[in-house]
Each structure stands twice: as structure tokens, then as C-alpha cells.
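For what it's worth, this note's numbering labels the leading residue of the sequence shown as 419, then goes sequentially. Just so it is clear, CB atoms sit at the ideal spot from N, CA and C, and this is done for glycine as well. Everything on this sheet refers to the single structure shown next.
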Amino acid sequence: MGYKSLVECVADLERHGHLVRVREEVSPNLEMAEIQRRAYAAQAPAILFENVKGCSFPALCNLFGTMERCRFLFRQTLKAVKQLMRLKADPSSQIRGLKQIAALSSLPFMAINAIPKKVKTGPVMAHSTRLSRLPQIKSWPEDGGAFITLPQVYSEDPEKPGIMHSNLGMYRIQISGNQYIKDQEAGLHYQLHRGIGVHHAKAIEQGIPLKVSIFVGGPPAHTLAAVMPLPEGISELMFAGMLAGRRFRYTYANGFCISTEADFCITGIVDLDKTLPEGPFGDHLGYYSLVHDFPYLKIQKIYHRKDAIWPFTVVGRPPQEDTVFGKLIHEITAPVIPDEIPGLRAIHAVDEAGVHPLLLAIGSERYVPYRKREPMEILTIANALLGFGQCSLAKYLLIAAYEDNPDLNIEKVDEFFTHILERVDWSRDLHFLTKTTIDTLDYTGTGLNHGSKVVIAAAGEKRRTLSSSLPKKLYLPDGFSHPCIAMPGVMVISGPAFTSYQEEQKRMSTLTDCLEHCLDQEGTIPLVILVDDSLFTAKNLANFLWVTFTRSNPSHDIYGTGSFYEYKHWGCGKALLIDARLKPHHSPPLIEDRATKKRVDQLLSKGKSLHGIL
């Protein structure tokens, strides 16, 4: 049996040394977020703030801060859930011997737990409150107000009302600031490819308001369910019950669904197509998402249990706590995803690059086995990936042929890059999608949700040996400096501040002409990255990935030596150049507040609750 409440979970964590209590008063304005970032970096226990300034509710952070703790939280069910996913991916495994049969013994109980259970009432309905009485957590200095960062946002299909046609997702909620009427309105930010968007569109089509419930807290499995990219046929509430080892309890009040074991439940109405400015918000790409018009909730009622705890997290440049979410999700769903696309062997959305900007894949290349291998089947797989779930948000998709190296580990990003760069043919292997959709949080494109994608598909024998040193005859035009090797075959160069695309075309032409003459004919440095600070970018792999793929738009920022158009195809010669400098239309990077850091330093001094923890 799993946890019935977050309070029960906290007590269990404390008994086993996974939680520390903070007695001192801590401000929800930047201080708690600073502590969470440090807690995650230190692989620290979960932290319960007992004295939140200006608020009567305690708050909990770093609950999912380590894989060890996540496995502890779900220790009774995680193995069976992963087994269920494997069975979905390969039903024939059900009859592979006694060990498989034994592994299935718990699945009937999981099937029962998957069915949501309707009840008359529950602990969350004991009390009510207002938005302004909730912890007003602000994570970054330029955030537009306080946000709920671990919400479980529930909506139902207007055409098929009821819990079995519902969506549970994690979409940030702004509860103060901007033009929202205090205690009456809250911002609802949902991005592309989100289930609530389908429900909202149907509500607008029918001319009816969309009823939304926001659950906060409750059993940890409910929070994880809200971020799970689940296969067809498994709803988030079914998954929540299976992972919790306990059926999801719910009821209805005034037409709103209530998660009765949640700590808080906020009910509200999205009124057709009306919007209000939402943001800014420091987001998981490491930059602010700016102010844009988004739907908002007209708050109806806020319920909470008597012993309610407010869970929260902080997002920012990865890795952060949501990195662990990603690892756990991958661990659970990895067997299923390749089964959904024939020939797909593995995928890896690279966290250090902000997840959606960079997707790596390995696929089979079997179309013409009797000829020299080249990208064919993997291009089919790449197109399928760009139409598959959240993989459709990928901006750079790099795909390799499994047959070229069956031992290639997609999790080892540096080795994957080496494999690709040794084989890629820039005249053939670049495939662009222009004027398309990209991640809502990505500001490198031409507008909100608008940008481009590129597929780099490499297959065949090794074409070159990559260099780990700068070219002997390297020289650079005026304004370009400090060339460095970031990894074998990859050179980064500092460039002047970006002005405009019209002006930069001239600079890029000068730079690529120069590179054409000073790079060797063997193409031992096939990739060049232009950045604002080459020393920072080349310092480590994480910096290289973050700068390169969060600061470039393929259609606008890719150049190359000896570039050409052949009908509608663009290619280049020995080196591809990516301009990953910050542009005027980009959103600003996240920078921590120095005064807040000093205040938090004092909270870590001897005699304080967090001394020796962070």
C-alpha cells in the first residue's frame, strides 16, 4: 500500500533520513528558491520549511531531488510499473518462462489500483482559503509574481465529460502579479502539444466555459503522473493509481472534480478565449519566458486539508530537480517508445540543452542492405519522431544508424557526437523544416511558437578522424577571437556582438570564407560554433550543449563553408557553422540575486537547521 497523503510521505522520509526540517523563518520571495537550487546541487534531503514568511502553511522542496529518493518513494510499485511498460512494448514476453510469470503476479492488483475510485468526500475538503494565503513563492528576480510550480492541472473533454476522458498535466500557474485581480484570477500557461489545449479548443467551439481543477500535493505519485508522457490507452489518473499502489480518490463539488487526497484543490473557470498577460517566469531552458497573453482562471473555491503541505520546485538552467523527473520518466517509459515507431532503437532528449532543443536518436538502417549504407530508413524514423508526442518539439534532431555501431550508448552525449561527426556528409545529411512550430519556451525563433528544425542523419562508414587541436594555419577575421576545441572535431570561436541578420550575413560570409582556406581538406574539424564567450562554452560539455542549442535557430543561424543550394536542398562542404550568440530577440538568461544569496548564506551558519546540509 502506498502513501495516502503527503503528510504520511514526509513522516516516512524523515524516519529514513531523507528529510530535514527548517525551523527558521524563510521568505518565499527568492530565498526558498535559492535554498532549493542549492539542495538539488548538493544532492541533499527533502526540505520542509515550517515557518514560511507571511504564510501559515509549511512548504516542501527537493522531494524528487535524487533518483535514490524517487526509488525510495515508489519502492513498492516502481518495479511492477516498469514491468507493465515492458509488457506493453513486447506482449510476447508474458510467456517467456517462469520468471516472467512470477513477475506478472502483482499486475492484477495494479489493474485494480488503476481504476479511479469515486468517494463522497475527503480530507482536502476540510477547509477553504484564498490565493493570497498560499505560499507566494517567487523563484527568480524578474519573475512576474508568485507561481505554483508543481500543479496537477485537471480538465475534462467537453464532448465526453467524466474522469476517464480527463487530462492531468503540469502547467505553471501564476497566482499574483500582472493584471490578475487579487484572489480572483490566476494565469494558466499551457504550451504546444498539451492535452488541456484540446479540451479548451472544444469548449470554445461549443461556447461553454472550461472547468479546471488544480491539485497540489497529495501522494507523490499524483505529481509524477502529471508530467508523464503516457502511451495510448493509459490515462494519467490510471498511472497515478498504479504508481501510488492505491486507487486515485476523487469526488465532485459544484461541477468540479476534486482529488480528495490532495493537500490543496483550486477550482476555476477558463472563460472561452479570453486572455491576460502572464509572466515573466524563469524557465527550464535557463532563460526567462517573457510576458505573453495566456488563458486565465476565474477562481471559484480553494480547498485544503487541515495538515496541508505546499510542495514546490524551482526550474532554471539544467540540471535542476525536473532533471530527475526526466530520468525517472525515461526509466519507466524507455521500453515503450521504440515500440511505437518501427526501427527506432533509442532516443535521448538532452537535459543539458534544455530538453526540447536537442534530441538524439538511434534507428535501424535496413532499406538497402546490399549497398553501401546511407541515411534512408533513419530519415523515415526521423520524420516519425517529429510527429510523435513531445518529440515533435525537437529543434535539432541528430540520428545515427544502429548498424554502424550496435554498442553506441545514446546517453553518452560526447561519444554520440563523435560518432555523428565522423560520418556526417554536410552536402547530403542536413534536412530542414522551416516556418514551423517550436517549443513555446524557446525564443530563438521568429516568434512565439514559431521557428525551424533540422535533422542531421548520419549513416555509413567513418569518413574522417576528428582533430583535438586547432588548425596550424588558423587565422580569423577582425572581431573573431579565442578559438578553442570544445570536443574532438568541434571548434568554438568568440564573435562580436550580434547586430541584425541582414548585417550578420556579411560577417558570416567573411568567416566561412576564412574557414574554407584554413581548415584542412580532410574535414577533421567539421563543426564550428560561434559564441559570445568561447572560453565559457568550451569549459565543459554542459556549457557547450546549453549555449549551442538554446541560442540558435537552424534556418537562420546555420552557415557553412562552400555552401550551396541544389533545387530546394541546402548543404555545405567541410565545416558546418552554427551561430549561437545571443540575439536581441532572445530572452535574457537567468541570474541569481546576490543579496538573496548572502541572506541564504546566513541561514546555513552554525546552529541553523541547514548547517552542514547544503
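Inset, instruction - Could you tell me which of GLU770, LEU776 and GLN570 sits nearest to GLU679, measuring between CA atoms? - result: Taking the sequence shown and counting its residues from 1, one reaches residue 679 at position 261. GLU679 has its Cα closest to that of GLN570, out of GLU770, LEU776 and GLN570.
Inset, instruction - Could you pull out every unbroken beta strand (DSSP E) segment of at least 3 residues lying fully inside the segment 880-957, listed in chain order? - result: You should have 899-905, 908-912 and 945-949.
Legend entry - Exposure label - PHE492; buried when at least 16 CB within 10 Å: The sequence position of residue 492 within the sequence shown is 74, counting from 1. Looking at its Cβ environment, which holds 16 or more other Cβ atoms inside 10 Å, PHE492 is buried.
Inset, instruction - For the segment 764-774 and the segment 798-813, state whether three or more C-beta atom pairs, one from each stretch, are separated by less than 8 angstroms. - result: Touching, yes.
Inset, instruction - Rank GLU792, SER912 and LYS724 by C-alpha distance to the C-alpha of SER474 and give the top, closest one. - result: Here the question's residue 474 lines up with position 56 in the sequence shown. Looking at the Cα atoms, LYS724 is the closest of the given residues.
Inset, instruction - Only counting runs of 4 or more residues, tell me where the alpha helix (DSSP H) segments fall wholly within the segment 597-639, in order along the chain. - result: Under the rule that a run must span 4 or more residues, the alpha helix (DSSP H) segments found entirely inside the segment 597-639 read 613-624.
Inset, instruction - For LEU481, I'd like the list of residues in its chain whose CB is within less than 7 angstroms of its CB, leaving aside the five on either flank, ordered along the chain. - result: As a position in the sequence shown, residue 481 is number 63, starting the count at 1. Cβ neighbours of LEU481 beyond the five flanking positions: ALA464, PRO638 and PRO729.
Inset, instruction - Quick one: using the 10 Å Cβ neighbour count with 16 as the cut-off for buried, is THR539 buried or exposed? - result: The count along the sequence shown starts at 1 and reaches residue 539 at position 121. Residue burial is scored here from C-beta neighbours: THR539 has fewer than 16 other C-beta atoms within 10 angstroms and is therefore classed as exposed.
Inset, instruction - Apply the 10 Å Cβ neighbour rule to ASP740 and answer buried if 16 or more other Cβ atoms are within range, or exposed otherwise. - result: Here the question's residue 740 lines up with position 322 in the sequence shown. Buried, by the Cβ-count rule.
Legend entry - Residue range of the unbroken beta strand (DSSP E) whose run includes ASN585: By 1-based counting over the sequence shown, the position of residue 585 is 167. Unbroken beta strand (DSSP E) run through ASN585: 584-587.
Legend entry - Residue from ASN867, MET582 and LYS692 with nearest C-alpha to CYS675: In the sequence shown, residue 675 corresponds to position 257, counting from 1. Answer by Cα proximity: MET582.
Legend entry - Status (buried if at least 16 other CB within 10 Å, exposed otherwise) for LYS986: Working through the sequence shown from its first residue, we reach residue 986 at position 568. Burial call: exposed.
Legend entry - GLN808, DSSP secondary structure in three states: For the purposes of this step, residue 808 is identified with residue 390 of the sequence shown, where counting begins at 1. When secondary structure is reduced to three states using DSSP, GLN808 falls in the helix class.
Inset, instruction - Could you check what DSSP says for TYR458 in three-state terms: helix, strand or coil? - result: Against the sequence shown, residue 458 aligns to sequence position 40. Here DSSP, grouped into helix, strand and coil, assigns TYR458 to helix.
Legend entry - Beta-bridge pairing of HIS766 - partner residues as DSSP gives them: The residue given as residue 766 occupies position 348 in the sequence shown. DSSP, once it has assigned bridges, lists LEU778 as partnering HIS766.
Legend entry - Pick from PRO534, ILE727 and ILE943 that is closest to PRO906, judged by C-alpha positions: Start at 1 with the first residue of the sequence shown, and residue 906 comes out as number 488. That would be ILE943, whose Cα lies nearest to the Cα of PRO906.
Legend entry - Neighbourhood of LYS391 by C-beta distance below 6 angstroms, restricted to the same chain and skipping five residues each side: Because the chain here runs from 419 to 1032, residue 391 falls outside it and cannot be looked at.
Legend entry - 6 angstroms Cβ shell around LEU933 - same chain, five flanking residues per side excluded: Start at 1 with the first residue of the sequence shown, and residue 933 comes out as number 515. Cβ neighbours of LEU933 beyond the five flanking positions: THR979 and ALA993.
Legend entry - Classification of ASP701 by the beta-carbon crowding that lies within 10 angstroms, buried from 16 upward: Here residue 701 refers to the residue found at position 283 of the sequence shown. Label assigned to ASP701: buried.
Inset, instruction - Tell me whether ILE1009 is buried or exposed, calling it buried when 16 or more other Cβ atoms sit within 10 Å of its Cβ. - result: Within the sequence shown, residue 1009 is the residue found at index 591, counting from 1. Burial call: exposed.
Inset, instruction - Kindly give me the distance between the Cβ atoms of LEU568 and VAL634, rounded to whole angstroms, as I take these residues to be in contact under 8 angstroms. - result: Within the sequence shown, the letter at position 150 stands for residue 568. Within the sequence shown, the letter at position 216 stands for residue 634. About 7 angstroms separates the Cβ atoms of LEU568 and VAL634, confirming a contact at the 8 angstroms cut-off.
Inset, instruction - May I ask you to verify whether the segment 875-884 touches the segment 842-849, counting CB pairs closer than 8 angstroms and requiring at least 3? - result: In this structure the segment 875-884 lies against the segment 842-849, because at least three pairs of beta carbons, one per stretch, are closer than 8 angstroms.
Inset, instruction - Evaluate the contact criterion for the segment 1005-1025 versus the segment 937-955: three or more CB pairs, one atom per stretch, below 8 angstroms. - result: At 8 angstroms Cβ cutoff, the stretches do not touch.
Inset, instruction - Could you tell me which residues DSSP puts in a beta bridge with ILE1047? - result: Outside the shown range of the chain (419 to 1032) lies residue 1047, about which nothing can therefore be said.
Inset, instruction - From the DSSP output, in three-state form, read off GLY700 for me. - result: Taking the sequence shown and counting its residues from 1, one reaches residue 700 at position 282. If DSSP states are grouped into helix, strand and coil, GLY700 belongs with the strands.
Legend entry - TYR706 versus LYS1024, SER1005, ASP1011 and THR854, residue with shortest Cα-Cα distance: Translated into positions along the sequence shown, residue 706 becomes position 288. Out of LYS1024, SER1005, ASP1011 and THR854, SER1005 has the C-alpha closest to the C-alpha of TYR706.
Legend entry - When ARG665, GLN454 and ASP711 are compared against LEU606, the one with the closest alpha-carbon: Stepping through the sequence shown from its first residue, residue 606 is reached at position 188. Comparing Cα-Cα distances from LEU606 to each of ARG665, GLN454 and ASP711, the minimum goes to ASP711.
Legend entry - Cβ-based neighbour list, LEU963, same chain, cut-off 8 angstroms, excluding 5 preceding and 5 following: As a working mapping, residue 963 is identified with position 545 in the sequence shown. If the five residues before and after LEU963 are omitted, its C-beta is found closer than 8 angstroms to the C-beta atoms of VAL768, GLU770, ALA771, LEU776 and VAL831, all from its own chain and listed in chain order.
Inset, instruction - Would you give the residue range spanned by the beta strand (DSSP E) that LEU715 belongs to? - result: Here residue 715 refers to the residue found at position 297 when the sequence shown is read from its first residue. Here the beta strand (DSSP E) through LEU715 covers 714-722.
Inset, instruction - Could you say which of THR862, PHE834, LEU1000 and THR883 lies nearest to SER912 if we only look at CA atoms? - result: As a first step, residue 912 must be located in the sequence shown, where it is residue number 494. Checked all of THR862, PHE834, LEU1000 and THR883; the closest Cα to SER912 is LEU1000.
Inset, instruction - Confirm, please, whether the CB-CB distance from MET485 to VAL742 is below 7 angstroms. - result: Stepping through the sequence shown from its first residue, residue 742 is reached at position 324. Stepping through the sequence shown from its first residue, residue 485 is reached at position 67. The answer is yes: Cβ separation under 7 angstroms.
Legend entry - Where the beta strand (DSSP E) through ILE759 begins and ends: In the sequence shown, counting from the first residue as 1, residue 759 sits at position 341. Counted as a single uninterrupted DSSP element, the stretch harbouring ILE759 is not any beta strand (DSSP E), since DSSP gives it neither H nor E.
Legend entry - C-beta atoms of ILE780 and TYR820 nearer than 7 angstroms: Counting from one through the sequence shown, the residue named residue 780 turns up at place 362. Counting from one through the sequence shown, the residue named residue 820 turns up at place 402. Yes, the pair counts as a contact, with Cβ atoms nearer than the cut-off.
Legend entry - Residue span of the beta strand (DSSP E) that contains ALA477, given as start and end: By 1-based counting over the sequence shown, the position of residue 477 is 59. 477-479 is the extent of the beta strand (DSSP E) around ALA477.
Legend entry - Other residues of its chain near ALA1037: CB distance less than 8 angstroms, five sequence neighbours each side excluded: Absent from the model: residue 1037. The displayed extent of the chain is 419 to 1032, so no value can be given.
Legend entry - Which listed residue (PRO895, VAL910 and GLY865) has its alpha carbon closest to that of SER886: As a first step, residue 886 must be located in the sequence shown, where it is residue number 468. With distances taken between Cα atoms, SER886 lies closest to VAL910.
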